[in-house]
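When the letters of the sequence shown are read in order and numbered with the numbering used here, they come out as residues 11 to 144. Glycine included, C-beta positions come from ideal geometry on N, C-alpha and C. Predicted model only: the values in this text are computed from it and were never measured. Please read the structure below before turning to the comments.
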Amino acid sequence: MFRSFLTNITARSTLHTRTFTSTAIKMGVTVETISAGDGKSFPKPGDQVAIHYVGTLLDGSKFDSSRDRGSPFVCRIGQGQVIKGWDEGVPQLSIGQKANLICSPDYAYGARGFPPVIPPNSTLKFEVELLKIN
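See the structure below:
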């Protein structure tokens, strides 16, 4: 009786099985190396860093660039001075390394965005180069 019951349930659930496909968006920050750094000198939380960067939306629209200004961006990492994607991504870089930091909305500007240049819930891409650690 019990075996018959299980067989019946299995048969029913098999009839109603559906396959769904979706594109999962990774939450957090992804670091994609463009060119290696020294592999020895990595910033720690609280360190001041100098970084050149170009920030774009995923469609390629540029919203900011230290390179266009001709001056590196200087900040303290791990102190909440920058978006979470930088606080967690930059310490993975060594001096001289160039990389893309892909920041999901919760590691960037979230639901508020940064009007008018960054829409709400935007995934951001930063091409960064770690120049200096103080």
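- Residue 58 is bridged by DSSP to 86.
- Taking the Cβ atoms as the reference, residue 48 lies roughly 5 Å from residue 104, within the contact range of under 8 Å.
- In this structure the segment 131 to 143 touches the segment 89 to 108; the number of beta carbon pairs closer than 8 Å is three or more.
- Residues of the same chain with a CB within less than 8 Å of the CB of residue 128, apart from the 5 flanking positions on each side, are 67, 73, 118, 119 and 134 in chain order.
- Around the C-beta of residue 121, fewer than 16 other C-beta atoms lie within 10 Å, and the residue is accordingly described as exposed.
- Bounds of the alpha helix (DSSP H) holding residue 94 are 94 to 99.
- Inside the segment 97 to 122, DSSP marks whole beta strand (DSSP E) runs of 3 or more residues at positions 108 to 113, from first to last along the chain.
- In the structure shown, the three-state DSSP call for residue 132 is coil.
- Taking all protein chains shown into account, residue 44 has fewer than 16 neighbouring C-beta atoms within 10 Å of its C-beta and is therefore exposed.
- Residue 76 sits in a helix when the DSSP states are folded into three classes.
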